[in-house]
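Asks: Reminder that position 246 of the sequence shown reads as 246 in the working numbering, one-by-one numbering, no gaps. C-beta atoms are modelled at their ideal positions from N, C-alpha and C, and glycine is treated no differently.
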Amino acid sequence: MIIKPKIIGGVCLTAHPIGMRKALEEQIKYVREAGKFPMPRRVLVLGGSTGYGLATRISAAFGGGAGTLNISFERGPTERKPASPGWYNNKYFDEAARKEGLTAESLNADAFAHETRLTVIDKIRELFGQVDLVVYSLASPVRKDPDSGETYKSVLKPLGKAYTAKSVDFVRGTVGEVSIEAATAEEEAGTVKVMGGEDWTLWINALLEADVLAGGTKSVAYSYIGPEITYAVYRAGTIGSAKENLEKSAGALNSMLKSIEGEAFISVNKALVTRASSVIPVVPLYISLLYKIMKEKGIHEGCVEQMYRMLRTRIYGPNGTLKDDNGLIHMDDWEMRRDVQDLIGARWNKIDNKNLGSLADIEGFREDFMRLHGFDWPGVDYDADVDPMG
Ligand code: NAD
């Protein structure tokens, strides 16, 4: 079949298998060139099919020489419909890692379900006996509570009062304004249920109880703080409440893991184009300005550069895990630099349809978005017939 991008409301409904292979190969290539580094060799990634989870998996495998077990929830292909991007990533990653002699398995299952935890525990015993690193990188709009059976939704809304700000339609390349109603208390609580620390805690509890965490196991989950510009809709919004909850649960998990001399912590990552971040209001315009400035200053990173640097220098660096006083690893260190943020602030006030192309890297945003769905890769013939099975 011929596969073209189909984008509705910041969501791309299709993915191109040949372009997806390119996207994965590019990330592996980066890690190979960046070089090997020492780290433990048995890694569980929850949410390792796309974005930050996939980048962590690639860095651990091709940089750290680790075997990886990944749990993600992806749509497989049919004869008439391509799979979701993560489905191809899992297939191609497992093939590439096994070719390298590394253990690599991907389970397609709902990570929020207790039965998935049981399957994963069996799989860990079969593949590794125990794991040394648990990466928690889930991003989901819904979660079914595994005990009550109730389904909760996460929403991206401000708290307290409605919020109006500049925003960009990155497909059309136009600047406009977006107004978002304040969340209800129920919506805020739902978002915390989905994206907060409850599920991560259930995972670590279950893994500890089953004795599949090796002595010294580390567990990391990802968060975002960001600047003033995105504050109302991100950190002071529903998702910010969920992230605060996630960060608090790191403290409790850290105490729990002391029994095996392990630790749990949060890495605060850079704002980047992923399937999850593209649908957050205001954020695409902020990311486009950020890309432009970080590229100008020579400090731009994508997911794989971030996660490689995190594993090599922050989690398994020569001086152990590097955290601030609140137990956070800061991979947003370059994004939050004063010179970067001052420039974003100045450009944010000026940005409009006329200067979008010169003040912001809207093309870079659009290209990253297309490429993570396998489109816009040079050398791929998008008019050619392709097997959706990959
Ligand atoms: P993503 O959408 O690329 O990845 C989400 C992953 O979760 C995928 O592997 C998906 O399959 C998996 N998943 C979703 N629901 C699942 C379920 N029920 N069962 C199993 N797997 C499921 O998102 P991302 O942007 O890489 O986000 C990962 C984490 O990083 C999130 O906590 C996010 O808040 C955080 N983060 C993202 C950014 C950013 O700018 N993208 C910045 C800082 C922190």
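Counting only runs of 3+ residues fully inside the region 39-90, write out the beta strand (DSSP E) ranges in chain order.
Replies: Whole beta strand (DSSP E) segments, 3+ residues: 42-46, 67-72.
Asks: Quick one: does the C-beta of arginine 371 sit closer than 8 Å to a heavy atom of the ligand NAD?
Replies: Outside the cutoff, so no.
Asks: Taking the C-alpha atoms as reference points, what is the distance between histidine 330 and leucine 202?
Replies: Looking at the two C-alpha atoms, the distance is approximately 25 Å.
Asks: Provide the residue span of the alpha helix (DSSP H) that contains arginine 143, from first to last.
Replies: Note, arginine 143: premise wrong, no alpha helix (DSSP H); beta strand (DSSP E) at 142-144.
Asks: At 4 residues or longer, what runs of the alpha helix (DSSP H) sit wholly inside the region 106-139?
Replies: List check, alpha helix (DSSP H) in window: 114-127.
Asks: Between Arg312, Val380, Ser358, Phe375, which lies nearest to alanine 60 when the distance is taken from Cα to Cα?
Replies: If we check each option's Cα against that of alanine 60, Arg312 comes out closest.
Asks: Please go through the same chain and pick out, in chain order, the residues whose beta-carbon is closer than 6 Å to the beta-carbon of valine 178, but skip the five residues on each side of it.
Replies: The residues are Ser167, Pro281.
Asks: With DSSP as the reference, identify every bridge partner of glycine 345, one or two as the case may be.
Replies: Paired residues: none, contrary to the question.
Asks: Tell me serine 179's beta-bridge partners as DSSP assigns them.
Replies: Per DSSP, Thr164.
Asks: Beta-carbon within less than 6 Å of glycine 53's beta-carbon, same chain only, minus the 5 sequence neighbours each way: which residues are those?
Replies: Closer than 6 Å at Cβ, skipping near neighbours: Val45, Gly47, Ser137.
Asks: Thinking C-alpha only, which one of Glu363, Glu105, Gly197 is nearest aspartate 376?
Replies: Minimum Cα distance to aspartate 376 is reached at Glu363.
Asks: What do you reckon, are the CB atoms on leucine 24 and tyrosine 92 nearer than 9 Å?
Replies: Cβ distance < 9 Å, so leucine 24 and tyrosine 92 count as in contact.
Asks: Just list the beta strand (DSSP E) runs in the region 190-237, keeping only unbroken ones of 3 residues or longer that don't cross its boundaries, in chain order.
Replies: List check, beta strand (DSSP E) in window: 213-223.
Asks: Quickly, what does DSSP pair histidine 16 with across the bridge? List them, please.
Replies: None; histidine 16 has no bridge partner.
Asks: Between proline 439 and glycine 390, how many whole angstroms is the CB-CB distance? I'm expecting something under 8 Å.
Replies: The requested residue 439 is not part of the displayed model; the chain covers only 1 to 390.
Asks: Less than 6 Å between C-beta atoms, sequence neighbours within five positions excluded: which residues of the same chain meet that for valine 279?
Replies: Cβ within range, chain order: Gly10.
Asks: Say yes only if the C-beta of leucine 54 is nearer than 8 Å to one or more non-hydrogen atoms of the ligand NAD, and no if none qualify.
Replies: Leucine 54: yes, Cβ under 8 Å from the ligand NAD.
Asks: Got a sec, what are the start and stop residues for the beta strand (DSSP E) isoleucine 3 sits in?
Replies: Where isoleucine 3 is concerned, there is no enclosing beta strand (DSSP E), given that its DSSP letter is neither H nor E.
Asks: What does DSSP give as the partner residue(s) for threonine 174 in the beta ladder?
Replies: According to DSSP, threonine 174 bridges with Asp169.
Asks: Where glutamate 263 and methionine 20 are concerned, what is the direct C-alpha to C-alpha distance, given to the nearest angstrom?
Replies: Their backbone Cα atoms lie some 35 Å apart in a straight line.
Asks: So for serine 154, helix, strand or coil by DSSP?
Replies: Note: serine 154 maps to coil in three-state DSSP.
Asks: Exposed or buried, glycine 302, counting other C-beta atoms within 10 Å across all chains shown (16 or more means buried)?
Replies: So glycine 302 counts as buried.
Asks: Is there contact between the region 90-107 and the region 134-154, where contact requires at least three CB pairs shorter than 8 Å?
Replies: No, they do not touch.
Asks: So, is asparagine 355 buried or exposed, given that buried needs 16 or more other C-beta atoms within 10 angstroms?
Replies: Exposed: under 16 other Cβ atoms inside 10 Å.
Asks: Please determine whether the Cβ atom of phenylalanine 393 lies at a distance below 8 Å from any heavy atom of the ligand NAD.
Replies: There is simply no residue 393 to check, as the chain begins at 1 and stops at 390 in what is shown.
Asks: Taking the alpha helix (DSSP H) that leucine 290 falls in, what are its first and last residues?
Replies: Counting along the chain, the alpha helix (DSSP H) containing leucine 290 begins and ends at 283-296.
Asks: Under DSSP, the beta strand (DSSP E) around leucine 328 begins and ends at which residues?
Replies: Where leucine 328 is concerned, the enclosing beta strand (DSSP E) stretches over 328-330.
Asks: Quick one: is the Cβ of arginine 143 within less than 8 Å of any heavy atom of the ligand NAD?
Replies: It does: the Cβ of arginine 143 is within 8 Å (strictly closer) of some heavy atom of the ligand NAD.
Asks: Apply the 10 Å Cβ neighbour rule to glutamate 198 and answer buried if 16 or more other Cβ atoms are within range, or exposed otherwise.
Replies: The residue is buried, with at least 16 neighbouring Cβ atoms inside 10 Å.
Asks: With phenylalanine 369 as the anchor, note down where its alpha helix (DSSP H) starts and where it stops.
Replies: Counting along the chain, the alpha helix (DSSP H) containing phenylalanine 369 begins and ends at 362-371.
Asks: Can you give the beta carbon distance from glycine 190 to lysine 153, rounded, assuming they're within the 8 Å contact cut?
Replies: Going by Cβ atoms, the distance from glycine 190 to lysine 153 rounds to 5 Å, so yes, they are a contact pair.
Asks: Which residue marks the beginning of the alpha helix (DSSP H) containing glutamate 401, and which one marks its end?
Replies: No statement about residue 401 is possible, as the shown extent of the chain runs from 1 to 390 and does not include it.
Asks: Whole angstroms are fine: how far does the CA of glutamate 188 sit from the CA of serine 358?
Replies: Their Cα atoms are separated by approximately 37 Å.
Asks: Rounded to the nearest angstrom, what separates alanine 185 and valine 155 at their Cα positions?
Replies: Their backbone Cα atoms lie some 11 Å apart in a straight line.
Asks: Assign phenylalanine 265 to one of three DSSP states: helix, strand, or coil.
Replies: The answer is strand: DSSP assigns phenylalanine 265 an E or B state.
Asks: Under three-state DSSP, which class holds isoleucine 351?
Replies: Of the three classes helix, strand and coil, the one that applies to isoleucine 351 here is coil, per DSSP.
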